[in-house]
Amino acid sequence: MGELREWELLERIGRQVPAVGDDCAVLSFAGTNLLLTTDLMHQASDFPPGTTPYTMGWRAVAASLSDIAAMGGRPLGVVLAGSAPDWDQLFPELLIGAREA
Numbered sequence: 278m279g280e281l282r283e284w285e286l287l288e289r290i291g292r293q294v295p296a297v298g299d300d301c302a303v304l305s306f307a308g309t310n311l312l313l314t315t316d317l318m319h320q321a322s323d324f325p326p327g328t329t330p331y332t333m334g335w336r337a338v339a340a341s342l343s344d345i346a347a348m349g350g351r352p353l354g355v356v357l358a359g360s361a362p363d364w365d366q367l368f369p370e371l372l373i374g375a376r377e378a
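Going by my numbering, the first residue of the sequence shown is number 278, and it counts up by one from there.
Here you go:
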């Protein structure tokens with residue numbers, strides 16, 4: 278993240294948008310609270326060499342599900358986004374791992 282560390286960034290965001298926390302953002306909606314989370318995972322820094330696309334997909338979804346569980350929530354759905362030079366080759370196995378998480 279360059280010179281600005283993750284915790285410093287979260288602190289700055291939290292001063293501007295109080296509903297944003299480390300694990301999830303909490304949004305009041307229709308009389309209840311919705312938890313929203315996202316995690317950016319980079320192939321070079323988050324997955325050791327040799328990590329299979331299946332494991333990448335599984336870990337990406339598991340990280341977000343873990344954040345929701347840490348806040349006492351129940352997941353309703355998952356949005357998966359990715360980019361890689363060989364995305365068309367990675368995606369089928371990655372999607373299986375994500376679905377099985």
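Just so you know, even glycine gets a beta-carbon here, dropped at the ideal spot from N, CA and C. Since this is a predicted model, take the numbers as computed values, not measurements.
Taking Arg-376 as reference, the option from Phe-324, Asp-300, Gly-334, Asp-316 with the minimal CA-CA separation is Gly-334.
Residue state for Thr-329 is assigned as coil, using DSSP reduced to three classes. Assigned with DSSP and collapsed to three states, Leu-353 falls in coil, not helix or strand. In the structure shown, the three-state DSSP call for Ser-343 is helix. Counting only the Cα atoms, Ala-302 lies some 10 Å from Asn-310.
Per DSSP, reduced to three states, the secondary structure at Ala-321 is helical. The three-state secondary structure of Ala-302, taken from DSSP, is strand. Per DSSP, the beta bridge partners of Thr-309 are Phe-306.
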